[in-house]
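Enquirer: Chains as they are written, first to last, in the numbering used here: chain A, 1 to 114; chain P, 1001 to 1113.
All C-beta atoms in this analysis are idealised placements derived from N, C-alpha and C, irrespective of residue type, glycine included.
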Amino acid sequence: AQSVSQHNHHVILSEAASLELGCNYSYGGTVNLFWYVQYPGQHLQLLLKYFSGDPLVKGIKGFEAEFIKSKFSFNLRKPSVQWSDTAEYFCAVNPYNQGGKLIFGQGTELSVKP
Amino acid sequence: EAGVVQSPRYKIIEKKQPVAFWCNPISGHNTLYWYLQNLGQGPELLIRYENEEAVDDSQLPKDRFSAERLKGVDSTLKIQPAELGDSAVYLCASGADSADTQYFGPGTRLTVL
């Protein structure tokens, strides 16, 4: 079955620390890839997306993600986190032949200590 | 530009009662999605509409769930009768088309007692 796996359920960092959240998916065909973020009390918002081209994509608020096709991975990174990055982060995959259907990972809760 | 609007934001009902959720997508968006999000999990697709046509409802439990999108704009999702296990957040999302980014609403948090 198609699935998306996020390696960490809860990550706790201090401000200015570097962040990397892992995401792996199980689907052999072409995919579009997304990271969504949900800040406390807010709705899901798109952080960044990869459709094609340069496998290193940059999103809002200094986030970036790298698509490594051979590893079926799409890890999210940020060199220096801020307290305002405290949120839940979801990786999602859209298999190319399934319309707009998004398959989400279970989410990673990030807590940044000031 | 207004985002995706959902109502109610919260709903508490007793089991076996019916419940309905409403979604108004972003103006001009042809594609509409309903997702279910259980506590501690990512959203799971229930149904996808292209205009007024349900093009993917394979994950919708049709014995108790139903949905409609009359005139290809607003949509309602109904549960009848509700069960304890239906307690979750029900999310609506829309996109210009199925290849477009999905924009999510705030969700309806359902509690079934």
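Taking 8 Å as the threshold (C-beta atoms), are residue 1010 of chain P and residue 1109 of chain P in contact?
Expert: One-based indexing of the second sequence puts residue 1109 of chain P at position 109. One-based indexing of the second sequence puts residue 1010 of chain P at position 10. A contact, by the Cβ cut-off of 8 Å.
Enquirer: Quick one: does residue 72 of chain A have its CB under 8 Å from some CB of chain P?
Expert: The residue you call residue 72 of chain A lines up with position 72 of the first sequence. So no, residue 72 of chain A is outside the interface.
Enquirer: Under 7 Å between beta-carbons, which chain A residues line up against residue 1102 of chain P? List them in chain order, please.
Expert: In the second sequence, the residue the question calls residue 1102 of chain P occupies position 102. Chain A residues near residue 1102 of chain P: 100 and 102.
Enquirer: In angstroms, rounded to a whole number, what distance separates the CA positions of residue 1083 of chain P and residue 8 of chain A?
Expert: Residue numbering aside, residue 1083 of chain P sits at position 83 when the second sequence is read from its first letter. Residue numbering aside, residue 8 of chain A sits at position 8 when the first sequence is read from its first letter. For residue 1083 of chain P and residue 8 of chain A, the distance between alpha carbons rounds to 31 Å.
Enquirer: With a 10 Å radius around its C-beta and 16 neighbouring C-beta atoms as the bar for buried, classify residue 1070 of chain P as buried or exposed.
Expert: For the purposes of this step, residue 1070 of chain P is identified with residue 70 of the second sequence, where counting begins at 1. Exposed: under 16 other Cβ atoms inside 10 Å.
Enquirer: Taking all protein chains shown into account, do 16 or more other C-beta atoms lie within 10 angstroms of the C-beta of residue 97 of chain A, making it buried, or fewer, making it exposed?
Expert: Here residue 97 of chain A refers to the residue found at position 97 of the first sequence. It is exposed - the Cβ of residue 97 of chain A has fewer than 16 other Cβ atoms within 10 Å.
Enquirer: Report the residue from A/46, A/2, A/71 and A/86 whose alpha carbon sits nearest the alpha carbon of residue 55 of chain A.
Expert: In the first sequence, counting from the first residue as 1, residue 55 of chain A sits at position 55. Comparing Cα positions, the closest option is A/71.
Enquirer: Pick helix, strand or coil for residue 1063 of chain P, following the three-state DSSP scheme.
Expert: On the second sequence, residue 1063 of chain P is found 63 positions in, with the first residue counted as 1. Here residue 1063 of chain P sits in coil by DSSP.
Enquirer: If we ignore side chains and look at the alpha-carbon of each, how far apart do residue 1059 of chain P and residue 101 of chain A end up?
Expert: Here the question's residue 1059 of chain P lines up with position 59 in the second sequence. Here the question's residue 101 of chain A lines up with position 101 in the first sequence. Cα to Cα, residue 1059 of chain P sits roughly 11 Å from residue 101 of chain A.
Enquirer: What are the uninterrupted segments assigned as beta strand (DSSP E) that are 3 or more residues long and contained completely in the segment 1007-1091 of chain P, given in chain order?
Expert: 1010-1013, 1019-1024, 1031-1037, 1044-1050, 1053-1056, 1065-1068 and 1075-1079
Enquirer: Following the continuous beta strand (DSSP E) through residue 38 of chain A, name the residue where it begins and the one where it ends.
Expert: Translated into positions along the first sequence, residue 38 of chain A becomes position 38. Per DSSP, residue 38 of chain A belongs to the beta strand (DSSP E) from 31-38.
Enquirer: Are three or more beta carbon pairs between the segment 61-75 of chain A and the segment 11-31 of chain A nearer than 8 Å?
Expert: yes
Enquirer: Got a sec? Which residues, its chain only, sit under 6 Å from residue 1081 of chain P by beta carbon, not counting five neighbours each side?
Expert: Stepping through the second sequence from its first residue, residue 1081 of chain P is reached at position 81. Once the five neighbours on either side are set aside, the close Cβ partners of residue 1081 of chain P are 1016.
Enquirer: Measuring only the C-alpha atoms, how far is residue 1002 of chain P from residue 1040 of chain P?
Expert: As a first step, residue 1002 of chain P is located in the second sequence; it is residue number 2 there, counting from the start. As a first step, residue 1040 of chain P is located in the second sequence; it is residue number 40 there, counting from the start. Rounded to whole angstroms, residue 1002 of chain P to residue 1040 of chain P spans 28 Å at the Cα level.
Enquirer: Grouping DSSP H, G and I as helix and E and B as strand, with all else coil, what is residue 101 of chain A?
Expert: On the first sequence, residue 101 of chain A is found 101 positions in, with the first residue counted as 1. Reduced to three states, the DSSP call for residue 101 of chain A is coil.
Enquirer: Using a Cβ-Cβ cut-off of less than 7 Å, list which residues of the segment 50-65 of chain A approach chain P; keep chain order.
Expert: none
Enquirer: Could one say the Cβ of residue 46 of chain A lies closer than 8 Å to chain P's Cβ atoms, at least one of them?
Expert: Taking the first residue of the first sequence as position 1, residue 46 of chain A is located at position 46. Interface residue, yes.
Enquirer: Could you tell me whether any Cβ in chain P is nearer than 8 Å to the Cβ of residue 106 of chain A?
Expert: The count along the first sequence starts at 1 and reaches residue 106 of chain A at position 106. Using a Cβ-Cβ cut-off of 8 Å, residue 106 of chain A counts as an interface residue toward chain P, since at least one Cβ of chain P sits closer than that to its own.
Enquirer: Between which two residues does the beta strand (DSSP E) carrying residue 3 of chain A extend?
Expert: Taking the first residue of the first sequence as 1, we reach residue 3 of chain A at position 3. Start and end: 3-6.
Enquirer: Since residue 81 of chain A is in the beta strand (DSSP E), which residue starts that stretch and which ends it?
Expert: For the purposes of this step, residue 81 of chain A is identified with residue 81 of the first sequence, where counting begins at 1. Residue 81 of chain A -> no beta strand (DSSP E), and no H or E assigned at all.
Enquirer: Return helix, strand or coil for residue 1094 of chain P, following the three-state DSSP convention.
Expert: For the purposes of this step, residue 1094 of chain P is taken as the residue at position 94 of the second sequence. Correct three-state label for residue 1094 of chain P: strand.
Enquirer: How long is the line joining the alpha carbons of residue 1 of chain A and residue 94 of chain A, rounded to whole angstroms?
Expert: Sequence index remark: in the first sequence, residue 1 of chain A carries index 1 (1-based). Sequence index remark: in the first sequence, residue 94 of chain A carries index 94 (1-based). Those two C-alpha atoms are separated by around 14 Å.
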